[in-house]
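Number of protein chains: 2
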Amino acid sequence: MSKSVFYHAGCPVCVSAEQDLVNLIGSEKVTIVNIGEDKSRIPEAEQYGVKSVPALVTPNGNVLHINFGASIEDVKV
Amino acid sequence: MSKSVFYHAGCPVCVSAEQDLVNLIGSEKVTIVNIGEDKSRIPEAEQYGVKSVPALVTPNGNVLHINFGASIEDVKV
């Protein structure tokens, strides 16, 4: 993939920090996916190796878990 | 400050992921500080609110702790 994917679950505390990161990278270079709202995207996130949100999956496939919002297991519930 | 500051301690496991993030933001927009090598920069990092490394301090002053490499307390030793 050529764009990064930013997975989050709407964590209100982290919104400012997350938005900062997206702005730094450039919002046109990041796809933002809210797996709290769109649970059908959770298996895809897991396949990339996302263990908690917020997380950024880079074009190289590296997963950066940022701070610790919520375990992906908790988002499933 | 106008640039982001990326604090790390040389964690070899995370180097690839960290480098990815710096590349995404653009290396010219990030100052990289290795507080493992340059311990005199630790108080500055703490003042920004850095609790563990790697961490990115954004120009807005938000601290993004990425994955969990090492506690800043462990880097002091």
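Residue numbers (the working numbering), protein chains in the order written: chain D, 1 to 77; chain H, 78 to 154.
A virtual CB, placed ideally from N, CA and C, is assigned to each residue, including glycine.
I66 of chain D sits in a strand when the DSSP states are folded into three classes. For V50 of chain D, no beta strand (DSSP E) segment is defined, and its DSSP state is neither H nor E. The alpha-carbon separation between E28 of chain D and L98 of chain H amounts to approximately 16 Å. In terms of Cβ geometry, V134 of chain H and T108 of chain H do not form a close pair [threshold 7 Å]. Residues of the stretch 139-153 of chain H with a Cβ closer than 9 Å to any Cβ of chain D, in chain order: N139, V140, L141, H142, I143, N144 and F145.
Relative to the Cα of K51 of chain D, the nearest Cα in the group D:A9, D:G26 and D:S2 belongs to D:A9. Beta-bridge partners assigned by DSSP to I32 of chain D: D:F6.
When D:Y48, D:G49, D:V77 and D:P59 are compared, the shortest CA-CA separation from L101 of chain H is found for D:P59. Taking the beta carbon of A94 of chain H as reference, the chain D residues within 9 Å of it are T58, N60, N62, V63 and L64, listed in sequence order. Taking I119 of chain H as reference, the option from H:G138, H:H142 and H:V152 with the minimal CA-CA separation is H:V152. Here E73 of chain D is exposed: its Cβ has fewer than 16 other Cβ atoms, across all protein chains shown, within 10 Å. For the set H:E114, H:Q96 and H:A94, the Cα lying nearest the Cα of V154 of chain H is the one of H:E114.
Straight across, the Cα-Cα distance linking N67 of chain D with K80 of chain H is about 20 Å.
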